[in-house]
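Visitor: Using the numbering used here, the first residue of the sequence shown is number 7, and each one after it goes up by one. C-beta atoms are modelled at their ideal positions from N, C-alpha and C, and glycine is treated no differently. Sharing a structure below in structure tokens format, with a few things to ask.
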Amino acid sequence: MRGPRWQGWALGGYVRNDHQTMLFNSRPIAADLGLLVLRISAGGTMLLQHGWPKLAHFADHMEEFSDPLGISAPVSLALIVFAEFFCSILVVLGTWTRAALVPLLIGMGVIVFVVKSGQAFGDRELPVLYLCAFLTLFFTGSGRYSVDRISFR
């Protein structure tokens, strides 16, 4: 008899050896869950670790904030707060995701290629990781589990 082979216990009972487990699943649901995790982790970390502290202490950062584009420190700070706080909220929710990623991509690009250009890779590692995560989301979109998917059906 040719049929699926059974291969041991898993969380939900016996696992079939026909590659239908989450580990070997290449169906879109696995990709959509991955995009949800990426959106929440990258956007949420950006929001809580970078955007919120800059917004909460905006006046304290105004004089000392770097001005890599020559548009004045307060304007640079306002733009990066817009990207890191407000756009990160949109990314986490999956609302207007690609549009919200544009300021984040520009901000991370400026940090990686202008602000930290002469530094060792270890000093640029975190902004490079954010840049890669945001590029991935920009190319793939927000995925099934997002406000975009619900509202733009």
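1) Would you check if the distance between the CB atom of F140 and the CB atom of M114 is smaller than 8 angstroms?
2) Under the three-state reduction of DSSP, which class applies to L75: helix, strand or coil?
3) Helix, strand or coil for S148 per DSSP?
4) With distances taken between CB atoms, is the gap from V134 to S72 smaller than 8 angstroms?
5) Let me make sure I understand the geometry here. Which of A37, G124, G49 has the alpha-carbon closest to that of T103?
6) Is there contact here, the segment 50-64 with the segment 79-93, by at least three beta-carbon pairs under 8 angstroms?
7) Shortest alpha-carbon distance to S94 belongs to which of E131, A79, L54, D38?
8) Could you check whether L110 and A79 sit closer than 8 angstroms to each other, using their CB atoms as the reference points?
9) Grab me the residues of L42's own chain with a C-beta within less than 7 angstroms of its C-beta, minus the 5 sequence neighbours each way, in chain order.
Guide: Inspection of the coordinates gives the following:
1) As a first step, residue 140 must be located in the sequence shown, where it is residue number 134. As a first step, residue 114 must be located in the sequence shown, where it is residue number 108. Closer than 8 angstroms, so yes.
2) Position 69 of the sequence shown holds residue 75. Coil.
3) Position 142 of the sequence shown, counted from the start, is the residue given in the question as residue 148. Here DSSP, grouped into helix, strand and coil, assigns S148 to coil.
4) Position 128 of the sequence shown, counting from 1, holds the residue named residue 134. Position 66 of the sequence shown, counting from 1, holds the residue named residue 72. At the C-beta level, V134 and S72 stay beyond 8 angstroms of one another.
5) Working through the sequence shown from its first residue, we reach residue 103 at position 97. Comparing Cα-Cα distances from T103 to each of A37, G124, G49, the minimum goes to G49.
6) In short, these stretches touch, since the Cβ pair count reaches three.
7) Along the sequence shown, read from residue 1 onward, the residue named residue 94 stands at position 88. Answer by Cα proximity: L54.
8) Working through the sequence shown from its first residue, we reach residue 79 at position 73. Working through the sequence shown from its first residue, we reach residue 110 at position 104. Against a cut-off of 8 angstroms, the Cβ pair of L110 and A79 comes out as no contact.
9) Position 36 of the sequence shown, counting from 1, holds the residue named residue 42. If we look at L42 and ignore the five residues flanking it on each side, its Cβ neighbours are G149, Y151.
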